[in-house]
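Q:
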Ligand SMILES: [Zn+2]
């Protein structure tokens with residue numbers, strides 16, 4: 202009797218793991234498709250990331266990244282995207298609109 206219970210627990214564990222992995226896989230595939238469609242609609246947004254300048258460097262503005270990078274870096278060290286540092290004047294103009 203305990204052996205059957207143990208096997209049942211194992212199957213439940215494996216099933217739960219498969220469910221989690223399947224959900225993650227589906228989510229990842231849909232995210233990839235969505236980013237592909239977005240890059241087709243807005244090709245420029247895929248190449249450059251407008252970044253926030255700080256005293257130590259700049260922060261990647263991609264929602265999924267937000268990595269802090271040294272000021273001399275031209276590409277994000279985490280996601281690898283080319284970076285365009287947003288001028289302070291342009292940000293002020295956007296804020297005033
Ligand atoms: Zn990044």
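Residue numbers (the working numbering): 202 to 298. Every residue, glycine too, gets a C-beta built ideally from N, C-alpha and C. Predicted model only: the values in this text are computed from it and were never measured.
1. Tell me, to the nearest whole angstrom, how far the beta carbon of residue 272 is from that of residue 280; I am working on the premise that it is less than 8 Å.
2. Whole angstroms is fine: what's the gap from residue 276's alpha carbon to residue 259's?
3. Do residue 268 and ligand 1 come close, with the Cβ less than 7 Å from some heavy atom?
4. In chain order, what residues of the same chain have a beta carbon less than 8 Å from the beta carbon of residue 257, not counting five sequence neighbours either side?
5. Under the rule that 16 or more other beta-carbon atoms within 10 Å means buried, what is residue 215, buried or exposed?
6. Which residues in the same chain as residue 278 place their Cβ atom closer than 7 Å to its Cβ, once the five residues preceding and following it in sequence are excluded?
7. Excluding sequence positions up to five away, which residues of its chain have a Cβ less than 8 Å from the Cβ of residue 234?
8. Would DSSP call residue 258 helix, strand or coil?
A: On the basis of the coordinates in this document:
1. For this step, residue 272 is matched to residue 71 along the chain shown. For this step, residue 280 is matched to residue 79 along the chain shown. Wrong, their Cβ atoms sit about 18 Å apart, outside the cutoff.
2. What you label residue 276 is simply residue 75 of the chain shown in a count that begins at 1. What you label residue 259 is simply residue 58 of the chain shown in a count that begins at 1. Approximately 10 Å between the Cα atoms of the pair.
3. Looking up residue 268 in the chain shown gives position 67. At least one heavy atom of ligand 1 is nearer than 7 Å to the Cβ of residue 268, so yes.
4. Here residue 257 corresponds to residue number 56 of the chain shown, with the count starting at 1. 269, 271, 272.
5. For the purposes of this step, residue 215 is taken as residue 14 along the chain shown, with counting starting at 1. It is exposed - the Cβ of residue 215 has fewer than 16 other Cβ atoms within 10 Å.
6. Working through the chain shown from its first residue, we reach residue 278 at position 77. If the five residues before and after residue 278 are omitted, its C-beta is found closer than 7 Å to the C-beta atoms of 268, 270, all from its own chain and listed in chain order.
7. Sequence index remark: in the chain shown, residue 234 carries index 33 (1-based). Excluding positions up to five away in sequence, the list is empty.
8. Here the question's residue 258 lines up with position 57 in the chain shown. Three-state result, residue 258: strand.
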